[in-house]
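Colleague: One structure coming up, written as structure tokens, with questions to follow.
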Amino acid sequence: METVAVHNAANAAHHAAPSRLPDGTHNRPRNTGMELDLSWVLDTRVNLSATERRVASLPGRRTVKKDAQAAWLLKAVTCIDLTTLNGDDTPERVKRLCAKAMNPIRADIMDSLGMSGRSITTGAICVYHRFVTTAVEALGDSGIPVAAVSTGFPAGLSPHHLKVKEIEASVADGAKEIDIVITREHVLTGNWTALYEEMKEYRAACGDAHVKAILATGDLKTLRNVTRASLVCMMAGADFIKTSTGKEGVNATLAVTLTMLRAIRAYQERTGIKIGYKPAGGISAAKDVLNYQFLMKDELGREWLEPDLFRIGASSLLADIERQLEHHVTGAYSALNRHPIG
136 METVAVHNAA NAAHHAAPSR LPDGTHNRPR NTGMELDLSW VLDTRVNLSA
186 TERRVASLPG RRTVKKDAQA AWLLKAVTCI DLTTLNGDDT PERVKRLCAK
236 AMNPIRADIM DSLGMSGRSI TTGAICVYHR FVTTAVEALG DSGIPVAAVS
286 TGFPAGLSPH HLKVKEIEAS VADGAKEIDI VITREHVLTG NWTALYEEMK
336 EYRAACGDAH VKAILATGDL KTLRNVTRAS LVCMMAGADF IKTSTGKEGV
386 NATLAVTLTM LRAIRAYQER TGIKIGYKPA GGISAAKDVL NYQFLMKDEL
436 GREWLEPDLF RIGASSLLAD IERQLEHHVT GAYSALNRHP IG
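Residue numbers (the working numbering): 136 to 477.
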């Protein structure tokens, strides 16, 4: 078990915060991609039983308490893509979300953690294209990037030329990150060339904006398909691979995460390029995000605990983290309605 004093936790979180787009993450070399290697894609295998055993043992094998837990949770805050992707979103809701992203933990809690006068932020704000301009204006010079979901999110079934136009429009409006959704049909029919060409075109349309490829893993049927789709998207230039839209029946899981992290490691070993990872959907409890952090560290190392290589797509997670941090400093749990997000 790692033990970190709260003031060290504060330092860790504080130093993570400047790793923001464009000044932080955009300094990392982009994934230039590679030629589609079908033999690598088709030869890949996943040992399902070994994967399930590995992730089942994680919660009992790795635990952190008290100061150490506060350290990990503060780090997690800096990696959150604070998200609102609802049909009833409004400009005012997006503005409130941006305000929370700039000050994610209440000042009194920060003071109790030894961070008086210091601040952290979330990793990004994630919204529909319609609200990109609203978010960019609300965030001002905070350094927090706006991520826009795109390409017919969440189903990804819009005409292809409209998907590309949507990317270009979001970038023109100021989005620094684009979360695209792949065409699941390409994976389910084994049309890896089509997936590769689609992803390459999305990457080109993003220009300087970083691109996250949403695999919608809950729709892909098998972990082998998850691995193959991960590899193809990375070969085509994805800077991040992301589990889910949050709208599928099954979203982020530890088994899918382990599978995707090992694909990232294999790609790095082949190319030398480090690819980011973003689990999304259903991660709403602080105790759950700890398991994702532990798995990231175990499989890829500490570098993947930073916001330039790790993001968490979430809408309600931040409220529970803030609540757990308040419990850490006061010894009492407060009601969730004391921790509004947007």
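Cβ coordinates follow ideal geometry from the N, Cα and C atoms, glycine included.
On a predicted model such as this, the values are computed, not experimentally measured, just so you know.
Would you tell me roughly how many angstroms separate the C-alpha atoms of L435 and I408, rounded to the nearest one?
Modeller: Walking along the sequence shown from the start, residue 435 turns up at place 300. Walking along the sequence shown from the start, residue 408 turns up at place 273. L435 and I408: Cα-Cα distance of roughly 13 Å.
Colleague: Just to check, is the beta-carbon of A340 closer than 7 Å to a non-hydrogen atom of the ligand GDP?
Modeller: In the structure on display, the ligand GDP does not appear, and there are no ligands present to speak of.
Colleague: Opposite V391 in the DSSP bridges: which residues?
Modeller: What you label residue 391 is simply residue 256 of the sequence shown in a count that begins at 1. Per DSSP, none; premise fails for V391.
Colleague: DSSP on A307, reduced to helix/strand/coil?
Modeller: On the sequence shown, position 172 is the one that residue 307 refers to. In this structure, A307 counts as helix in the three-state DSSP scheme.
Colleague: Look up D158 in the DSSP assignment and say whether it is helix, strand or coil.
Modeller: Along the sequence shown, one-based indexing puts residue 158 at 23. For D158, the pLDDT reaches just 41, beneath the cut-off of 50, and the residue's location in the model is therefore unreliable, although a value from the coordinates is still provided. It is coil, neither helix nor strand.
Colleague: Taking one C-beta from the segment 225-236 and one from the segment 191-198 each time, how about it: are there three or more such pairs within less than 8 Å?
Modeller: Output reads no: the segment 191-198 does not touch the segment 225-236.
Colleague: Given this structure, state the Cα-to-Cα distance separating D158 from D443, to the nearest angstrom.
Modeller: Position 23 of the sequence shown, counted from the first residue, corresponds to residue 158. Position 308 of the sequence shown, counted from the first residue, corresponds to residue 443. Caution is warranted here: a pLDDT of 41 is assigned to D158, below 50, making its placement in the model unreliable, and the coordinate value is therefore given only provisionally. Each residue's alpha carbon lies about 11 Å from the other.
Colleague: Mark L177 as exposed unless 16 or more other C-beta atoms lie within 10 angstroms of its C-beta, in which case mark it buried.
Modeller: Within the sequence shown, the letter at position 42 stands for residue 177. Result: exposed.
Colleague: Run through DSSP, which three-state label would T113 get?
Modeller: Because the chain spans 136 through 477 in this model, residue 113 falls outside it and cannot be assessed.
Colleague: Rounded to the nearest angstrom, what separates I410 and R458 at their Cα positions?
Modeller: Along the sequence shown, one-based indexing puts residue 410 at 275. Along the sequence shown, one-based indexing puts residue 458 at 323. Taking the straight line joining both Cα atoms gives about 31 Å.
Colleague: Going by beta-carbon coordinates alone, are A415 and T362 separated by less than 8 Å?
Modeller: For this step, residue 415 is matched to residue 280 along the sequence shown. For this step, residue 362 is matched to residue 227 along the sequence shown. No, these two residues do not count as a Cβ contact at 8 Å.
Colleague: Considering only residues of the segment 189-233, which uninterrupted alpha helix (DSSP H) runs meet the minimum length of 4 residues and lie entirely inside it, listed in chain order?
Modeller: Runs found: 193-196, 201-212.
Colleague: Just how far apart, CA to CA, sit E461 and L453?
Modeller: Working through the sequence shown from its first residue, we reach residue 461 at position 326. Working through the sequence shown from its first residue, we reach residue 453 at position 318. Rounded to the nearest angstrom, the two C-alpha atoms are 12 Å apart.
Colleague: In whole angstroms, give me the CA-to-CA distance for E187 and T167.
Modeller: If you number the sequence shown from 1, residue 187 lands on position 52. If you number the sequence shown from 1, residue 167 lands on position 32. Rounded to whole angstroms, E187 to T167 spans 33 Å at the Cα level.
Colleague: In the DSSP output, what is G353 paired with across the bridge?
Modeller: Your numbering for residue 353 matches position 218 in the sequence shown. According to DSSP, which records beta bridges pairwise, G353 is partnered with nothing at all.
Colleague: Beta-carbon within less than 8 Å of T357's beta-carbon, same chain only, minus the 5 sequence neighbours each way: which residues are those?
Modeller: Sequence index remark: in the sequence shown, residue 357 carries index 222 (1-based). Excluding sequence neighbours, T357 sits near V181.
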